[in-house]
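Undergrad: Residues in the sequence shown are numbered from 7 upward in steps of one, following our numbering. The following block contains the structure, expressed as structure tokens.
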Amino acid sequence: AVEGIESLLSMGIGNSFGRIFRISTFGESHGGGVGVIVDGCPPKIPLSREDIQIDLDRRKPGQSRLTTPRNEADSVEILSGVSQDGFTLGTPISMLVRNQDHRSNDYDTNAVAYRPSHADATYDAKYGIRAVAGGGRSSARETIGRVAAGAIARKILHMYCGCEILGYVKSVQDVVAENVDIDEFTREQVEESLVRCPQKDASDAMIEKIDGIRKTGNSIGGVLECVARNVPCGLGSPVFDKLEADLAKACMSLPASKGFEVGSGFSGTLLSGHEHNDEFYIDEDGRTRTKTNRSGGIQGGISNGENIVVRVAFKPTSTIGKEQNTVTREGQETKMRGKGRHDPCVLPRAVPMVEAMVALVLVDALMADIAQNKVFEGKLQGISSNPLGKKLDSKVLL
Numbered sequence: 007a008v009e010g011i012e013s014l015l016s017m018g019i020g021n022s023f024g025r026i027f028r029i030s031t032f033g034e035s036h037g038g039g040v041g042v043i044v045d046g047c048p049p050k051i052p053l054s055r056e057d058i059q060i061d062l063d064r065r066k067p068g069q070s071r072l073t074t075p076r077n078e079a080d081s082v083e084i085l086s087g088v089s090q091d092g093f094t095l096g097t098p099i100s101m102l103v104r105n106q107d108h109r110s111n112d113y114d115t116n117a118v119a120y121r122p123s124h125a126d127a128t129y130d131a132k133y134g135i136r137a138v139a140g141g142g143r144s145s146a147r148e149t150i151g152r153v154a155a156g157a158i159a160r161k162i163l164h165m166y167c168g169c170e171i172l173g174y175v176k177s178v179q180d181v182v183a184e185n186v187d188i189d190e191f192t193r194e195q196v197e198e199s200l201v202r203c204p205q206k207d208a209s210d211a212m213i214e215k216i217d218g219i220r221k222t223g224n225s226i227g228g229v230l231e232c233v234a235r236n237v238p239c240g241l242g243s244p245v246f247d248k249l250e251a252d253l254a255k256a257c258m259s260l261p262a263s264k265g266f267e268v269g270s271g272f273s274g275t276l277l278s279g280h281e282h283n284d285e286f287y288i289d290e291d292g293r294t295r296t297k298t299n300r301s302g303g304i305q306g307g308i309s310n311g312e313n314i315v316v317r318v319a320f321k322p323t324s325t326i327g328k329e330q331n332t333v334t335r336e337g338q339e340t341k342m343r344g345k346g347r348h349d350p351c352v353l354p355r356a357v358p359m360v361e362a363m364v365a366l367v368l369v370d371a372l373m374a375d376i377a378q379n380k381v382f383e384g385k386l387q388g389i390s391s392n393p394l395g396k397k398l399d400s401k402v403l404l
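Structure, rendered in structure tokens:
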């Protein structure tokens, strides 16, 4: 009986995220399909298949020579939770994307030999079984469910307060996009670039760098920066549920992610407190604002109404076309060369993934804040304080 419980616990966790707006992803890379169940979505939100598909198209493989050539339409099916006339019902929303172009024979050697720095060895050690073809749940195809759910979260946030979440590729190895205006760059500028970098000179250099590494059968990593604009103050909670902690977990749960920063990040350690502090002032609307944003829009674990700025570092793709030393499942040393179709750099397709995870964290935090702090809004006496953060569009704010 104990054996059965241990097996249930080890296989039944780690596939869900969020507390009020909660998602559970399912499916393997080379199975019948992948998808997500979204629970806690408010009712009466207008939602169409196209709302979801636009972000899935930005994530899908085969977009350019810089991504994996796997040919998938990634066409989403909404199976439940939306009325025939296109409104959410307040019940679980189930979405499915069917796999079509999987070549499982490319992974025949992976059944016995572990890919260096991949999840093969740790999955075997933990579960004693794994989906060999395509990497199973460790494949980036799992993120389809996250991006689909994130599209709903993004829509709720925009309807509530005009929030927009935009990411771009900040660096590819040593090629860095300097001086991107985090407050002003647009999605159109990002999408014009093959590598999703809004700065043309840096974009061209990044493309050249990825092209060069791709032709050698190797891979390369980099850093993605993401900003959330028009975020209300008050999201996040002290101690264990700080907003930056939730954002870090969300972003670090993405495949190939290896580092996370918010605001000044590690560079803030080079400044003194006087240099680093964001001084307050009163803006033209009479609201309390900060002159700088080294805090990245979060202070004390709670959003302060300024733009939230995060950065996520992604390692080079593990599966490469170069011969490497490894061991077999039976413990024999051997050599292997990765097969299959893989991104030489994950950064261009990671942009919608990070945006989705940021949206999921923010909508969950928003709903938690409303649940705790808006129950008696205007009915109980409290300490009066000047409004914090920029004035949001009252025509949009519900």
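Virtual Cβ for every residue (Gly too), placed ideally from N, Cα, C.
Using the three-state DSSP reduction, which class does G151 fall into: helix, strand or coil?
TA: helix
Undergrad: Indicate whether C167 and L398 have their beta-carbon atoms separated by less than 9 Å.
TA: Remark: C-beta atoms of C167 and L398 approach each other more closely than 9 Å.
Undergrad: Quick one: grab the DSSP three-state call for K405.
TA: Because the chain here runs from 7 to 404, residue 405 falls outside it and cannot be looked at.
Undergrad: Reducing DSSP to helix, strand and coil, say where V196 ends up.
TA: helix
Undergrad: Round the Cβ separation of I171 and A251 to the nearest angstrom and send it over; I've been treating them as touching at under 8 Å.
TA: In this structure, I171 and A251 do not form a Cβ contact; the two beta carbons are roughly 18 Å apart against a cut-off of 8 Å.
Undergrad: By Cβ distance below 6 Å, which residues in the same chain neighbour G307 in space, the five residues on each side in sequence not counted?
TA: These residues qualify, in order along the chain: G242, P244, K248, L249.
Undergrad: My output table needs one value for F246: the three-state DSSP class, helix, strand or coil.
TA: Note: F246 maps to helix in three-state DSSP.
Undergrad: Tell me where the alpha helix (DSSP H) around Q59 begins and ends.
TA: 55-65
Undergrad: In chain order, what are the residue ranges of uninterrupted beta strand (DSSP E) at least 3 long that sit wholly in the stretch 332-382?
TA: The qualifying runs are 339-343.
Undergrad: Anyone know if the C-beta pair for K297 and E285 falls short of 9 Å?
TA: Note that the C-beta distance between K297 and E285 is below 9 Å.
Undergrad: With a cut-off of 8 Å on the beta carbons, I'd call R317 and V229 a contact; round off their distance for me.
TA: 6 Å
Undergrad: What is the rounded straight-line gap between the Cα of F246 and the Cα of K255?
TA: 12 Å
Undergrad: Helix, strand or coil for N392 per DSSP?
TA: coil
Undergrad: Taking 8 Å as the limit between beta carbons, can you name the residues of its chain near D189, skipping five residues before and five after?
TA: Counting only Cβ-Cβ distances below 8 Å, and skipping sequence neighbours, we find V233, R235, N313.
Undergrad: How should T128 be labelled, buried or exposed, when 16 other C-beta atoms within 10 angstroms of its C-beta is the threshold for buried?
TA: Answer is exposed; the Cβ neighbour count stays below 16.
Undergrad: Using only the alpha-carbon positions, how far apart do T323 and P350 sit?
TA: 6 Å
Undergrad: Confirm, please, whether the CB-CB distance from Y120 to T294 is below 9 Å.
TA: Not in contact: T294 and Y120 (Cβ atoms no closer than 9 Å).
Undergrad: Applying the 10 Å Cβ sphere with the 16-neighbour rule, what's the burial state of D289?
TA: exposed
Undergrad: For R260, tell me which candidate among S86, T97, P358, T325 has the shortest Cα-Cα distance.
TA: For the sequence presented, residue 260 should be read as Leu rather than Arg. Nearest C-alpha to L260 among S86, T97, P358, T325: P358.
Undergrad: Buried or exposed, going by whether 16 or more other CB atoms sit within 10 Å of the CB of G240?
TA: buried
Undergrad: By Cβ distance, which residues of its chain are closer than 7 Å to R55, with the 5 residues on each side in sequence left out?
TA: V82, I84
Undergrad: What would DSSP say about D91, mapped onto helix, strand or coil?
TA: coil
Undergrad: Spatial neighbours of R343 within its chain, please: CB distance less than 7 Å, with the 5 preceding and 5 following residues excluded, ordered by chain position.
TA: G327, K328, E329
Undergrad: Have a look at V364 and G142 and give me their C-alpha separation to the nearest angstrom.
TA: 24 Å
Undergrad: Whether or not the stretch 40-55 and the stretch 21-32 are in contact is what I'm after, with contact meaning three or more pairs of Cβ atoms, one per stretch, closer than 8 Å; do they touch?
TA: yes
Undergrad: For the stretch 236-299, list the alpha helix (DSSP H) runs that are entirely contained and at least 4 residues long, ordered along the chain.
TA: Listed in chain order, the complete alpha helix (DSSP H) runs (minimum 4 residues) inside the stretch 236-299 are 249-258, 279-282.
Undergrad: In this structure, does DSSP put G141 in helix, strand or coil?
TA: helix
Undergrad: Which value, in whole angstroms, describes the spacing of the CA atoms of Y133 and E267?
TA: Distance from the CA atom of Y133 to the CA atom of E267, rounded to whole angstroms, is 32 Å.
Undergrad: Does DSSP put R317 in a helix, in a strand, or in coil?
TA: strand
Undergrad: On the CB-based measure, 16 or more other CB atoms within 10 Å of its CB, does P204 come out buried or exposed?
TA: buried
Undergrad: Quick one: residues in its chain with C-beta nearer than 7 Å to the C-beta of S22, no 5 flanking neighbours on either side, listed in chain order?
TA: R28, I29, S30
Undergrad: How is the alpha helix (DSSP H) around T128 delimited, first residue to last?
TA: 126-133
Undergrad: Can you find the residues in the same chain that come closer than 6 Å, C-beta to C-beta, to S110, ignoring five residues on each side of it along the sequence?
TA: Because S110 sits at a pLDDT of 47, beneath the cut-off of 50, its placement in the model cannot be relied upon, and the following sentence gives the value as read from the coordinates. Only H36, A139 meet the Cβ criterion.
Undergrad: Just curious, the alpha helix (DSSP H) that R136 is in, first and last residue?
TA: No alpha helix (DSSP H) holds R136; DSSP gives it neither H nor E.
Undergrad: Using alpha carbons as the reference points, say which of M258, R152, A131, G269 lies closest to R335.
TA: Selected option, being the one with the closest Cα: A131.
Undergrad: By the three-class DSSP mapping on this structure, what secondary structure does I158 have?
TA: Residue state, collapsed to three classes: helix.
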